[in-house]
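The sequence shown: position 352 = 352 (the UniProt record's numbering), numbered continuously.
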Amino acid sequence: MPTVHDWINNPLAVVDGQKMNGFSERSVLKLTCLTLVSFFFCFFQVPSLNDVPLYYLKPNSLVKFRCMVQDMFDPEFFMGVYETNDLTSNSKVKCGKYKDITVGGQVDFNSRNTVTSERQTFYCVPIPGESQWNSYAGTSQARVVPSTSYVPNRHKRSYEEDYEMDTQPQEMKYVRTQSSAESHGNTEPKRQETEAPSHDSSSVHCTSSLDLNFPLPGEKGPACLVKVYEDWDSFKLNDMLEVFGILSVDPALSVIADEREASSLLDHTEVTETVEEQRVHSPPASLVPRLHMLYAQPLVHNNPLLPSSAPESNDLCSVLGELASVRAELHTYLTHVLMGDSLAAEYLILHLISNVYSRRDVLPLGKFTLNLSGCPHSSPYTEHLYKVIQQLVPSSYWLCMCLHNMNNQRMVPWKDYTANRLVSGTLQLANNTSLFLDETQLEQGQLDATGVRNITALGNLISWQKVDYDFNYHQMEFPCNINVLIASEGRSLLPSDSQVHLRPTLNPPNLEEYLSAVQVAQVPSQFNKYRIYLSVARALNYTISDEITTAVEDDFVEMRKDDPQSMSAEDLHRLLVVARLLSLSHGQNTLSRDGWMKAKQLEALRISRTQQQKSVSGNEP
């Protein structure tokens with residue numbers, strides 16, 4: 001009986017051995033999934049590509065990869081079953097699944113036993129914008145040792161040597177990158193091997209072999225070609241997955257890619273792919289390893305402090321019992337961060353737990369984009385505010401809306417037909433990512449065509465929770481679920497669901513020291529409570545009883561009786577969203593009369609403050 005150690009370190013040999021014992025391949029795979037995924041202990045023993053450098057992983061071993069599907073390539077054909085002949089003329093029938101290269105003798109291409117099969121390839125990248133605290137390394141029990149096929153050599157190399165080594169074996173490639181990281185004092189184990197080029201750079205061609213096509217500039221980590229053998233229609237672009245599969249990093253893959261590229265340069269009639277397409281679809285295995293999927297677990301969220309599946313009330317009774325107290329602590333903390341503004345802290349909590357739970361026609365229900373106006377322009381307050389949010393949510397991104405970024409940054413993904421790939425953009429983000437738009441940096445100037453497209457894309461994202469990807473001849477709409485927070489001096493030029501003008505009651509002499517002290521006062525365990533609270537409150541189910549629905553309708557009619565202009569249908573919708581989020585923030589999955597009254601009071605305070613600010617601004621010279 002194969003052990004867990006056998007499954008992890010040499011799964012292909014276990015599969016072959018089980019087939020020799022009479023098991024079919026499908027039965028072996030089913031046994032694999034049951035053995036490695038269903039049991040909690042084994043789940044944590046599988047090493048992760050996110051946390052373990054590639055050169056520490058044994059080729060053809062079982063690994064897992066937490067990722068986002070960035071692109072989907074065309075299906076490819078491979079020999080599912082093939083026959084080989086060795087030097088003694090003995091023939092063997094072998095399985096070609098979960099392998100990139102045939103092994104064990106000369107392949108008999110004329111054999112009647114040959115079976116051609118089809119598989120799909122996903123280009124997967126680490127989940128964009130994951131916060132530093134969001135690492136599964138601390139909970140992983142995987143124990144790995146360096147591969148015995150080579151001895152790492154940690155000598156520094158020049159940039160020119162780095163470029164020439166792109167097609168070398170993976171051990172040399174990753175020895176070099178590890179040495180470079182150490183020489184710069186970088187000991188961060190996560191995403192240290194590779195880095196995305198800046199989207200602002202025009203010197204790097206989009207089809208360069210060094211471009212790993214990460215959505216966000218400066219991202220680091222392994223990109224991976226995931227080979228999917230069945231049910232690939234169940235996966236979608238931008239899905240978050242935890243993939244379990246067999247790692248393939250054979251250096252011969254790079255040699256084959258080089259030979260195909262050389263052949264296409266010599267004779268264009270012999271190949272159907274362009275050189276650019278070959279570079280993208282067959283990158284060096286040392287740079288982009290292959291992962292042959294055995295099992296993939298869709299991720300509802302990427303908070304490592306909670307189960308990967310959707311948090312259920314039955315499983316989190318202890319957490320639900322503490323929601324009210326944790327909310328009070330979080331509100332106090334955010335009030336200090338917002339310099340004593342308790343109302344702004346209330347709305348920031350509502351924003352952080354908001355979530356698109358359904359769509360009615362084109363209208364996304366549950367979104368709550370917050371415009372926090374009144375942010376100072378001269379101080380780095382918005383950067384500190386973003387760092388606070390970054391400490392609370394699993395994934396986030398700070399987008400400085402300066403004129404240069406608006407006119408030069410690539411935000412909308414577009415289809416490169418020459419390389420036959422989807423070139424990523426800043427707005428290709430996984431669900432539940434917090435997008436922080438810093439509008440205080442937007443100076444006077446002229447938006448060019450790119451800037452206008454970017455502003456339009458941000459507006460569509462906020463209003464409709466969708467991004468229209470550019471396929472040159474047409475636009476393709478991709479729905480998303482991204483929390484957008486806009487920090488601005490006055491009212492934002494972008495749409496929002498709610499605007500709260502900051503009204504600080506504290507005026508610390510040194511803002512940076514004050515905010516640093518506020519964060520230091522929070523112990524790590526307290527931050528973990530906040531992180532669990534926000535994820536659980538976001539995932540709770542919510543209903544409104546018929547009785548409360550009738551009461552809300554009557555209240556709406558009463559509010560419009562004296563002044564029909566005082567409460568529009570849009571105002572009612574926003575009030576219902578606030579009431580829903582306010583209830584969920586207190587751990588209540590249904591709206592009560594008391595909750596409805598609190599929501600009305602909260603909105604009345606916000607509207608009153610907004611009107612007062614308009615009056616003050618209107619009287620200014």
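Where a beta carbon is used, it is the ideal one built from N, C-alpha and C, also for glycine.
Given the structure is predicted, the values throughout are model-derived calculations rather than measurements.
For this session: Please report the residue range of the beta strand (DSSP E) in which residue 233 lies.
Result: Careful: residue 233 lies outside any beta strand (DSSP E) and carries neither H nor E.
Problem set entry | Nonlocal neighbours in the same chain, by C-beta distance under 6 Å from residue 358, ignoring five residues either side | 365
For this session: Within the same chain, show all residues whose beta-carbon is closer than 8 Å to that of residue 5, passing over the 5 residues directly before and after it, in chain order.
Result: none
For this session: With DSSP collapsed to three states, give me the class of residue 301.
Result: coil
Problem set entry | Cβ-based burial, residue 324 [other Cβ within 10 Å; buried from 16] | exposed
For this session: Compare the beta carbon distance of residue 219 and residue 66 with 7 Å and say whether it is the shorter of the two.
Result: no
Exercise. In terms of residue numbering, what span does the alpha helix (DSSP H) encompassing residue 451 cover?
Worked result: 449 to 464
Exercise. Are the CB atoms of residue 371 and residue 496 nearer to each other than 7 Å?
Worked result: yes
For this session: Using the Cα positions of residue 302 and residue 225, report the straight-line distance between them to the nearest angstrom.
Result: 21 Å
For this session: Kindly examine the ligand GTP and report whether one of its heavy atoms sits closer than 6 Å to the Cβ of residue 412.
Result: Although the ligand GTP was asked about, the structure shown includes no ligands whatsoever.
For this session: Under 8 Å Cβ to Cβ from residue 353, same chain only, skipping five residues before and after it: list those, please.
Result: 534, 537, 538, 581, 584 and 585
For this session: Classify residue 122 as buried or exposed, calling it buried when 16 or more other Cβ atoms lie within 10 Å of its own Cβ.
Result: buried
Exercise. Which one of 59, 605, 601 and 587 has the shortest CA to CA distance from residue 326?
Worked result: 587
Exercise. What separation, rounded to the nearest whole angstrom, lies between the Cα atoms of residue 507 and residue 438?
Worked result: 22 Å
Problem set entry | Helix, strand or coil at residue 398 [DSSP, three-state] | strand
For this session: Please classify residue 414: does DSSP put it in a helix, a strand, or coil?
Result: strand
Exercise. Taking all protein chains shown into account, do 16 or more other C-beta atoms lie within 10 angstroms of the C-beta of residue 13, making it buried, or fewer, making it exposed?
Worked result: exposed
Problem set entry | Limits of the beta strand (DSSP E) - the one that residue 246 falls within | 240 to 248
Problem set entry | Status (buried if at least 16 other CB within 10 Å, exposed otherwise) for residue 425 | buried
Exercise. How about residue 223 and residue 212: are their beta carbons less than 7 Å apart?
Worked result: yes
Exercise. Measuring CB to CB, does residue 415 end up less than 7 Å from residue 478?
Worked result: no
For this session: Run through the region 504 to 572 for me and flag every whole beta strand (DSSP E) of 3 or more residues, listed as ranges in chain order.
Result: none
For this session: State the DSSP-derived secondary structure class of residue 275, mapped to helix, strand or coil.
Result: helix
Exercise. In three-state terms, what does DSSP make of residue 101?
Worked result: coil
Exercise. Among the residues of its own chain, which have a CB less than 8 Å from the CB of residue 80, if the five just before and after it don't count?
Worked result: 95, 96, 97, 115, 116 and 117
For this session: Check whether the region 403 to 412 touches the region 440 to 449, taking contact to mean three or more Cβ pairs, one atom from each stretch, closer than 8 Å.
Result: yes
Exercise. Apart from the five residues on each side of it in sequence, which residues of its chain come closer than 8 Å, Cβ to Cβ, to residue 340?
Worked result: 504, 505 and 506
Problem set entry | Rounded separation between residue 101 and residue 124 - CA only | 21 Å
Exercise. Considering only C-alpha positions, which residue in the set 489, 498, 249 and 460 is nearest to residue 368?
Worked result: 498
For this session: Let me know if residue 597 comes out buried or exposed under the rule of 16 or more other beta-carbons within 10 Å of its beta-carbon.
Result: exposed
Exercise. Would you call the CB atoms of residue 457 and residue 523 closer than 7 Å?
Worked result: no
Exercise. From which residue to which residue does the alpha helix (DSSP H) around residue 345 run?
Worked result: 342 to 352
Problem set entry | Same chain, Cβ closer than 7 Å to residue 292, five either side skipped, listed in chain order | 98, 227, 245, 246 and 248
Exercise. Could you give the distance in angstroms between the alpha-carbon of residue 297 and the alpha-carbon of residue 126?
Worked result: 15 Å
Exercise. Would the beta-carbon of residue 589 fall within 7 Å of that of residue 540?
Worked result: yes
Problem set entry | Rounded C-alpha distance that separates residue 514 from residue 430 | 33 Å
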